[in-house]
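Residue numbers for the sequence shown follow this note's numbering, beginning at 3 and rising by one.
Below is one structure, written out as structure tokens, with a few remarks after it.
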Amino acid sequence: MKLGKKISGSKRKEVIFEPNRILGPTWSIEKVGDRYIYEYMSGGLAGGLKRHEITKADFEDVRAGRMSDYDLLLKYHLS
Numbered sequence: 003m004k005l006g007k008k009i010s011g012s013k014r015k016e017v018i019f020e021p022n023r024i025l026g027p028t029w030s031i032e033k034v035g036d037r038y039i040y041e042y043m044s045g046g047l048a049g050g051l052k053r054h055e056i057t058k059a060d061f062e063d064v065r066a067g068r069m070s071d072y073d074l075l076l077k078y079h080l081s
């Protein structure tokens, strides 16, 4: 049985900076009220999105290029 042509998606490679949000290919940081929420795709067996609160300083460091999403994972011991 032939179901059709396979279509592969494309990953966003660049990071998009908005006033209250930073969007990466597999992660985002968003200001929600007074909090900054880092959301990322888990590397665990079941996968899924995980959320973790970070500091305003970390948000500003990512925006300025002094810190990456990988640095956040290491700093907060996330997986």
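We put the CB at the ideal spot given by N, CA and C, even for glycine.
As the structure is a prediction and not an experimental result, all values here were calculated from the model.
Who are the near neighbours of residue i in its chain, counting only those whose CB is closer than 7 Å to its CB and skipping five residues on each side?
i: K58; result: Y38
i: F19; result: R65
Sorted by chain position, which residues of the same chain lie with C-beta nearer than 8 Å to residue i's C-beta, five sequence neighbours on each side aside?
i: E55; result: R37, Y38, I39, Y40
Quick one: is residue i buried, meaning 16 or more other Cβ sit within 10 Å of its Cβ, or exposed?
i: V64; result: buried
i: D60; result: buried
i: S30; result: buried
i: Y78; result: exposed
Who are the Cβ neighbours of residue i in its own chain at under 6 Å, not counting the five residues just before and after it?
i: K33; result: N22
i: F17; result: Phe is not the amino acid found at residue 17; the sequence shown has Val there. These residues qualify, in order along the chain: G26.
Which of the three DSSP states is assigned to residue i in this structure?
i: Y42; result: strand
i: E32; result: strand
i: E62; result: helix
i: L74; result: helix
Nearest-angstrom Cα distance between residue i and residue j?
i: G50; j: L74; result: 18 Å
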